[in-house]
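**Student:** Numbering (the working numbering), first residue to last: 3 to 196.
1. Please classify residue 99 as buried or exposed, where buried requires at least 16 other C-beta atoms within 10 Å of its C-beta.
2. Are the CB atoms of residue 112 and residue 190 within a distance shorter than 8 Å?
3. For residue 160, which of 63, 54, 126 and 146 has the nearest alpha-carbon?
4. Judging by CA-CA distance, which residue of 119, 96, 152 and 131 is the nearest neighbour of residue 33?
5. Would you mind stating whether residue 63 and residue 85 have Cβ atoms separated by less than 8 Å?
6. CB residue 186 to CB residue 7, shorter than 8 Å?
7. Quick one: Cα of residue 169 to Cα of residue 124, how far?
8. Let me know the secondary structure DSSP gives residue 55 once reduced to three states.
9. DSSP on residue 90, reduced to helix/strand/coil?
10. Hey, which unbroken runs of the alpha helix (DSSP H) at 4 residues or more fall wholly within the stretch 77-156?
11. Check whether the Cβ atoms of residue 108 and residue 75 lie closer than 8 Å to each other.
12. To the nearest angstrom, report how far apart residue 139 and residue 73 are at their CA atoms.
13. For residue 3, which three-state DSSP category applies?
14. Please say whether residue 22 and residue 179 have beta carbons closer to each other than 8 Å?
15. With DSSP as the reference, please indicate the residues paired to residue 226 in a beta bridge.
16. Note down the Cα distance separating residue 61 from residue 192, rounded to an integer number of angstroms.
17. Could you tell me which residues DSSP puts in a beta bridge with residue 171?
Next up, the structure:
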């Protein structure tokens with residue numbers, strides 16, 4: 003069985019990564035499996051442990067980090083986030099194409115470790131910073147102070163687009179998802195011909 007593709011989807015907070023993921027997961031042609039991240043933050047309304055994130059204690063997270071069980075990790079607004087390495091490899095070894103939906107710091111850690119053609123990175127950008135702020139405010143889940151922190155972070159993150167294999171603008175979720183699906187399918191077809 004051929005090892006699955008690793009697809010890194012990254013971009014600033016509020017750009018629409020979760021919405022794009024929902025579109026991508028509907029297309030059965032790409033055999034895509036979402037990689038669930040681990041976090042120490044509390045679940046948002048409607049989030050489910052083991053589906054949206056693996057919600058863990060700070061001690062559990064630091065133990066995983068100490069034992070090199072994370073593919074990447076980051077700390078943001080006093081919470082840790084990371085991707086369980088064994089979970090991702092198990093899915094890829096089953097022939098599934100694995101989607102990592104992660105922030106830019108974590109994405110850079112994975113990109114720096116990438117060694118083969120069966121790994122691709124995609125940077126999702128907003129049409130504008132004004133649109134990004136509108137989307138973050140539209141969530142109605144953050145304080146004004148947190149919104150300002152997220153926007154400052156987004157401005158820094160948008161400068162990192164050169165680290166990625168592909169840059170996709172999220173003009174509409176459907177258009178962006180279709181562009182990403184075409185990128186993934188082209189890599190799958192390329193692998194089949196090699």
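We treat Cβ as the ideally placed atom computed from N, Cα and C, and that holds for glycine.
**Tutor:** Put simply:
1. The residue in question, residue 99, is buried, as its Cβ has 16 or more Cβ neighbours within 10 Å.
2. No; because the gap between Cβ atoms is not below 8 Å, this pair is not in contact.
3. 126
4. 96
5. no
6. yes
7. Spanning the two alpha carbons is a distance of roughly 6 Å.
8. strand
9. helix
10. 87-95, 106-115 and 131-141
11. yes
12. 31 Å
13. coil
14. yes
15. A query on residue 226 cannot be resolved here, the shown segment of the chain reaching from 3 to 196 and no further.
16. 43 Å
17. 127
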